[in-house]
Amino acid sequence: MFDTFVFRLPVWDLTTFCGRIAEDVVSPKGALLLPKGADFAHIEPPGRRNLAATLARQGVDRVAVQERAEQSLDEILDIFRSGTRPSARDERDLFEATLQFVTSYCKDVLFGSPGNIHVFPLLRIGRFLAESVSANPGILLCLVRERPRDYFLLSHSLSVGLLCAFLAHRLFPEQTGVIASAAVGGLLHDIGKQFVPEGILNKPGRLTEGEFALIRRHPEVGEALLKKAGIDDPLVLKIVRHHHEKMDGSGYPDGLEGRSVSMAARIAAVADAYDAITSERSYKKRLPGYKGISEIIASAGNHLDPLVVRTFVSAFGMYPPGTEVELSDGRCGVVAAPGERSILKPRVCLRTDRDGNHYPHPVLVDLAAEKNLFIQRCVSQGGQAENC
Ligand SMILES: [Fe+2]
Ligand SMILES: [Fe+2]
């Protein structure tokens with residue numbers, strides 16, 4: 004699934020690297036600083052920073068490193084724990100491998116025989132998601148970008164669990180218990196849907212009133228199911244029951260308004276809305292991430308909590324990673340990472356020049372550092388340009 008290749012990495016990038024040293028690292032004076040084969044997967048981030056600082060002090064500029072030939076699920080977990088962002092080419096594989104991993108643990112738990120929920124694996128998964136996004140929010144940005152069409156409910160649950168953990172981490176960075184509860188709540192938010200027939204959930208046409216009423220019962224059914232299974236975490240239960248409540252009181256099942264909806268449920272509502280908008284279903288097309296962002300901004304205040312939306316947008320930017328864009332000088336590329344100073348000025352990996360010629364190597368441009376350069380259009384997947 005992953006190729007092996009050797010490349011020369013700038014020394015400071017070792018702080019987020021997860022792989023092996025490909026050649027002995029020797030100081031300009033000939034002292035061995037780091038032996039070939041040293042494995043960074045087992046070095047904690049503070050240790051990596053110290054190592055990078057030592058190498059830089061010794062005058063080392065770049066080191067030859069080797070990415071792993073293949074990654075087992077254990078190694079994928081190591082990547083999450085180490086906070087290493089995968090290269091763009093690996094992202095889809097990583098999403099699929101992660102989905103498989105989570106599937107193996109919780110497919111039966113989430114969507115197995117109705118009413119049969121095992122609590123322990125869920126808590127483990129919740130902690131895993133919380134640790135993952137706390138260690139490396141960049142991983143989250145790539146994981147929620149790509150998703151297979153199959154197993155919609157499972158990949159939706161995984162994405163919402165990750166997004167909930169991510170938002171909880173941004174809002175309450177020190178509160179690991181809250182982050183883990185948000186992850187579990189997000190993972191389980193739609194568990195009540197296991198009682199809704201597949202034909203209704205995936206119906207391409209308009210739902211009848213009866214079908215719609217059945218779907219609207221899933222938050223209460225989910226909460227009852229979890230209580231019966233022994234889950235008593237109030238944050239998890241609130242997320243499951245109230246993720247369809249709206250700030251103006253027009254949501255369900257309780258028609259709660261504003262702050263009477265718990266913060267945990269308001270977080271889940273934003274995560275759920277963004278993932279639903281940017282997913283493909285049998286009855287609707289997938290919208291690109293930048294349109295998902297516009298839609299959640301438009302819903303802030305009436306449906307969604309403005310603080311949570313602001314948190315989401317300041318982290319993702321107006322153009323989430325993966326958005327294909329055309330710059331004001333005619334060059335085209337794909338957003339690689341959100342901007343650190345402006346939500347409108349991300350880092351873009353350029354692919355073609357203004358005449359449409361492909362660059363031999365991708366060129367990374369930080370728009371925040373380019374005063375007169377801005378995103379002129381987003382290019383949808385079909386190649387159509389749209390004014391932003
Ligand atoms: Fe739901
Ligand atoms: Fe949902």
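Take the sequence shown: its letters are residues 4 to 391, numbered as in the numbering used here.
Backbone N, C-alpha and C fix where the C-beta goes; we use that ideal spot for every residue, glycine too.
This structure is a prediction, so every number in the text was calculated from the model and none was measured.
Strand pairing of residue i, partner residues [DSSP]
i	result
R350	A340, D369
A67	R11
T355	C335, H361
A303	L307
V28	L37
K288	According to DSSP, which records beta bridges pairwise, K288 is partnered with nothing at all.
D42	R23
Burial state of residue i (16 or more Cβ within 10 Å)
i	result
T211	exposed
S331	exposed
H159	buried
P13	exposed
H247	buried
S317	exposed
S362	Reading the sequence as shown, one finds Tyr at residue 362 and not Ser. Classification for Y362: exposed.
T18	buried
R313	exposed
R262	exposed
L35	exposed
S162	buried
G333	exposed
D235	exposed
R269	buried
R350	buried
P176	exposed
P323	buried
V66	buried
E201	exposed
P341	buried
G1	Limits of the chain in this structure are 4 at one end and 391 at the other, which puts residue 1 out of reach.
G33	exposed
G359	exposed
Alpha-carbon spacing of residue i relative to residue j, whole angstroms
i	j	result
W15	D251	48 Å
A245	E329	Per the sequence shown, residue 245 should be read as His rather than Ala. One C-alpha to the other measures close to 40 Å.
H364	R354	8 Å
K249	A56	49 Å
C381	F198	40 Å
F131	A168	10 Å
S282	R289	5 Å
A279	R219	16 Å
G325	D27	36 Å
P256	A301	23 Å
C352	R173	26 Å
L259	Y293	29 Å
R11	A25	9 Å
R284	G129	26 Å
R51	G320	29 Å
H307	V273	At residue 307 the sequence reads Leu, which differs from the His that was named. Approximately 6 Å, taken between the alpha carbons.
V311	G295	15 Å
A271	I299	13 Å
K196	P291	26 Å
P49	V29	22 Å
S297	Y277	10 Å
I194	P222	8 Å
V63	C335	35 Å
D42	E134	21 Å
R357	K39	43 Å
N53	A339	27 Å
E226	H192	9 Å
A171	G189	11 Å
P207	D275	20 Å
V264	G304	13 Å
F315	L166	9 Å
K231	L204	24 Å
I378	P309	25 Å
K374	V337	19 Å
Meets three-Cβ-pair contact criterion under 8 Å: the region 177 to 189 and the region 228 to 248: yes
Any 3 or more C-beta pairs closer than 8 Å across the region 337 to 347 and the region 361 to 378: yes
Runs of alpha helix (DSSP H) lying entirely within the region 226 to 270, each at least 4 residues, in chain order: 237 to 245
At least three beta-carbon pairs within less than 8 Å, the region 200 to 217 to the region 162 to 181: no
Length-filtered (3 minimum) beta strand (DSSP E) runs lying within the region 154 to 217: none
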